[in-house]
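Asker: Pasting a structure here, questions to come.
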Amino acid sequence: FEVTSIVARETEELWRSLEEQCTRLTERGREHPADSLASVRAELTEVLRGEHAERERQLAELQKRLEQDTVGQLQPLIAELSSKYESLHGALKEDILGERGQQEHRLAALQQELTKLEKTIELDVFRELRGCRAE
């Protein structure tokens with residue numbers, strides 16, 4: 015929006031300037047009829063070329079400023095998103111590691127229970143075997 019209003023304002027200024035120059039050239043043509051239409055046309059062409067070059071320069075400057083403004087607005091957003099990503103990544107990593115630790119703890123407890131059951135079964139089998147021999 016800002017660029018559009020700047021371009022509109024500068025275009026208005028260009029038209030005003032061109033109208034003034036055309037008026038001057040017309041008056042000069044009236045004052046000096048010896049000046050040919052070709053010389054007036056050549057001078058007007060030079061004026062238009064200069065104005066066109068100036069508009070091109072201004073447009074390039076506006077585009078550069080717009081790009082800088084856009085980058086300036088995006089950089090804080092990128093930094094914020096990066097920070098949020100790192101925070102979320104850290105939290106997920108802690109959750110995963112915490113869950114893994116809990117699972118490892120449960121697995122160790124189950125392995126202990128399994129070892130106890132194996133020993134109990136071995137003792138029961140050993141007792142039964144001794145009981146069978148004793149009979």
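Throughout the sequence shown, residue numbering follows our numbering, covering 15 to 149 in sequence.
Every residue gets a Cβ at the ideal spot worked out from N, C-alpha and C, and that includes glycine.
#1: Tell me, to the nearest whole angstrom, how far the beta carbon of L32 is from that of E65; I am working on the premise that it is less than 8 Å.
#2: Taking Cβ to Cβ, would you say I20 is nearer than 8 Å to L76?
#3: Quick check on this structure: which residue in E57, R23, Q125, E60 has the alpha carbon closest to the alpha carbon of L73?
#4: Please return the same chain residues whose Cβ sits closer than 8 Å to the Cβ of V61, not counting the five positions on each side in sequence.
#5: Would you call the CB atoms of R55 and L28 closer than 8 Å?
Answerer: Answer, in terms of the structure:
#1: 7 Å
#2: yes
#3: R23
#4: L32, Q35
#5: no
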